[in-house]
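Visitor: To start, I am sharing the structure in question, which I have written as structure tokens.
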Amino acid sequence: GENVEQHPSTLSVQEGDSAVIKCTYSDSASNYFPWYKQELGKRPQLIIDIRSNVGEKKDQRIAVTLNKTAKHFSLHITETQPEDSAVYFCAASIHNDMRFGAGTRLTVKP
Amino acid sequence: SAVISQKPSRDICQRGTSLTIQCQVDSQVTMMFWYRQQPGQSLTLIATANQGSEATYESGFVIDKFPISRPNLTFSTLTVSNMSPEDSSIYLCSAGGQGAVYGYTFGSGTRLTVV
Numbered sequence: 128g129e130n131v132e133q134h135p136s137t138l139s140v141q142e143g144d145s146a147v148i149k150c151t152y153s154d155s156a157s158n159y160f161p162w163y164k165q166e167l168g169k170r171p172q173l174i175i176d177i178r179s180n181v182g183e184k185k186d187q188r189i190a191v192t193l194n195k196t197a198k199h200f201s202l203h204i205t206e207t208q209p210e211d212s213a214v215y216f217c218a219a220s221i222h223n224d225m226r227f228g229a230g231t232r233l234t235v236k237p
Numbered sequence: 171s172a173v174i175s176q177k178p179s180r181d182i183c184q185r186g187t188s189l190t191i192q193c194q195v196d197s198q199v200t201m202m203f204w205y206r207q208q209p210g211q212s213l214t215l216i217a218t219a220n221q222g223s224e225a226t227y228e229s230g231f232v233i234d235k236f237p238i239s240r241p242n243l244t245f246s247t248l249t250v251s252n253m254s255p256e257d258s259s260i261y262l263c264s265a266g267g268q269g270a271v272y273g274y275t276f277g278s279g280t281r282l283t284v285v
């Protein structure tokens, strides 16, 4: 089955800096790659997603890139703010069967 | 995107008893899933709830322990049976459509404590 690895497990940045979280997946048939943000005690919230026919997608301060050949995808957050502090999960999906990475705890220091 | 109502939000249960968790989606969705999340950990897929047929369970999860119902395209239940303290966790349902136009949405979770 699909295996998703996520790095780093923790990330601390200064407010205004950029943050990058990277994920790799094992099954080349995966075709959908969402990213979720989970604040303490709350449900995971979809923040951005990308499909296998697209290499990059951007939504304001958040962007995701996908390299199908290398089977990795990344989340980029620019101009980080304290409210970006949360746990971020990547996921890879084949035919609606979605597997999650282990998560990255992002801390943005004011 | 779909909005999911999940209940109960939390419960404390005696070992040996069972708890049924409900998820109601505000629109018809193709796929519904059940996940377990230990505090500080990632999400582990328990099963895919199939409408009108038996759920598809992941390795390590069995129907006798986690029976699932999905009578229609907007509702599903997960029962945690014969509970032990090891079942203490957060249980979340998720829903989405084929092709995931809006991605998968999660319910608010059920925090289960077994004593």
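Here the protein sequences line up with chains A and B, keeping their order.
The numbering used here runs 127 ahead of the 1-based position in the first sequence.
The numbering used here runs 170 ahead of the 1-based position in the second sequence.
Note that beta-carbon positions come from the ideal geometry of N, C-alpha and C, so glycine has one too.
1. If we ignore side chains and look at the alpha-carbon of each, how far apart do B:T280 and A:R178 end up?
2. Tell me which residues share the same chain as B:Q184 and place their Cβ nearer than 7 angstroms to its Cβ, disregarding the 5 neighbours each side in the sequence.
3. With distance defined between alpha-carbon atoms, name the residue in B:Q192, B:T200, B:Q194, B:T214 nearest to B:S259.
4. For A:H134, which beta-bridge partners are listed by DSSP?
5. Examine chain B for any beta-carbon lying closer than 8 angstroms to the beta-carbon of A:L173, and answer yes or no.
6. In angstroms with no decimal places, state the Cα-to-Cα distance between B:S254 and B:L282.
7. What residue from B:S212, B:R240, B:Q211 has the CA that sits closest to B:E224's CA?
8. Could you have a look at A:P209 and say whether DSSP puts it in helix, strand or coil?
9. Along the chain, which unbroken stretches of the beta strand (DSSP E) at least 3 residues long are found entirely within the segment 161–216 of chain A?
10. Helix, strand or coil for B:D257, going by three-state DSSP, please let me know.
11. Would A:V191 pass as a contact of A:Q208 if the rule is Cβ separation under 8 angstroms?
12. Out of A:L167, A:A197, A:H222, A:V214, which has the shortest C-alpha to C-alpha gap to A:P135?
13. As a quick exercise: from A:H199, A:S220, A:I221, A:N223, pick the residue whose alpha carbon is nearest that of A:I148.
14. Counting Cβ pairs closer than 8 angstroms, one from the segment 218–232 of chain A and one from the segment 156–171 of chain A, do we hit at least three?
15. Taking the beta strand (DSSP E) that B:A225 falls in, what are its first and last residues?
16. From A:A197, A:Q187, A:I175, pick the residue whose C-alpha is nearest to that of B:Y274; which is it?
17. Report buried or exposed for B:V173, applying the criterion of at least 16 other Cβ atoms within 10 angstroms of its Cβ.
18. Am I right that A:S157 and A:E129 are in contact with their C-beta atoms under 8 angstroms? What's the rounded C-beta distance?
19. Output yes or no for whether 8 angstroms exceeds the beta carbon distance between B:I238 and B:S229.
20. Kindly indicate which three-state DSSP category A:S157 falls into: helix, strand or coil?
21. Using DSSP with H/G/I as helix, E/B as strand and the rest coil, what is B:F245?
22. With a cut-off of 8 angstroms, does the C-beta of B:S188 fall near any C-beta of chain A?
23. Kindly list, in the order they appear in chain A, the residues whose Cβ is closer than 9 angstroms to that of B:L262.
24. Taking the alpha carbon of A:D186 as the point to measure from, which residue in A:T205, A:A146, A:S153, A:R170 has its own alpha carbon closest?
Guide: Inspection of the coordinates gives the following:
1. 30 angstroms
2. V285
3. B:T214
4. A:K149
5. yes
6. 11 angstroms
7. B:R240
8. helix
9. 172–178, 183–186, 189–194, 199–204
10. helix
11. no
12. A:V214
13. A:H199
14. yes
15. It is not in any beta strand (DSSP E) - B:A225 carries neither H nor E in the DSSP assignment.
16. A:I175
17. exposed
18. 6 angstroms
19. no
20. coil
21. strand
22. no
23. R170, P171
24. A:T205
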